[in-house]
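A.B. asks: Residue numbers (our numbering): 397 to 581.
A single structure is presented below for examination.
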């Protein structure tokens, strides 16, 4: 009985040592949460052509710059709040396959060995802990994103709306919030 207990302790210690010493490629990239990956390999529609200055003027004719900016800010604020409300709760990450945080690639072989050795429950607990940490971190991020939205200039709003890039808002948040988020986390 004592020998098997010591073998278990040694096994767990060995597994913990490997996990702690293995390099990981995990990073918290919050700006990617709002825009999940598109894994659909079906035919995709033709990209929308980038609007010209003339078509931009025509599309916004009769709408003031401040209304355009306020509309975008309101839409982004609602999107951020939706992301926080849906991800910042228990199982917000863990049971959402679009954003679930899997084990880092560098730990996959360690996880296979640990599972084979009877420690699958520990591997699962580690993956769950990573996702629970993300779920707890999301509400902390809302202040950073709301501040970035409040500080957004009309020029920023125009760049987001008329750049022709699908991820223009994501890039804006990355540019204005990445450093602050790293500091908070």
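Virtual Cβ for every residue (Gly too), placed ideally from N, Cα, C.
(1) So what's residue 459 in DSSP terms, helix, strand or just coil?
(2) Given a cut-off of 8 Å, decide if residue 465 and residue 553 are closer than it, judged by their beta-carbon atoms.
(3) At the level of alpha carbons, what is the spacing between residue 538 and residue 545?
(4) What do you get for residue 529, buried or exposed, if any count of 16 or more other CB atoms within 10 angstroms of its CB means buried?
(5) So, residue 489 versus residue 527, is the Cβ gap smaller than 8 Å?
(6) Determine the DSSP secondary structure at residue 497, reduced to helix, strand or coil.
(7) If you measure between the beta carbons of residue 580 and residue 536, is that distance less than 8 Å?
(8) Do you know whose CA, among 495, 459, 478, 492, lies nearest residue 542's CA?
C.D. replies: Let's see:
(1) Of the three classes helix, strand and coil, the one that applies to residue 459 here is coil, per DSSP.
(2) Taking a C-beta distance under 8 Å as the contact criterion, residue 553 and residue 465 qualify as a contact pair.
(3) Across the structure, residue 538 and residue 545 are spaced so that their CA atoms are roughly 11 Å apart.
(4) Under this definition residue 529 is an exposed residue.
(5) Result yes, Cβ atoms of residue 489 and residue 527 sit closer than 8 Å.
(6) Assigned with DSSP and collapsed to three states, residue 497 falls in coil, not helix or strand.
(7) Yes. Within cutoff.
(8) Taking residue 542 as reference, the option from 495, 459, 478, 492 with the minimal CA-CA separation is 478.
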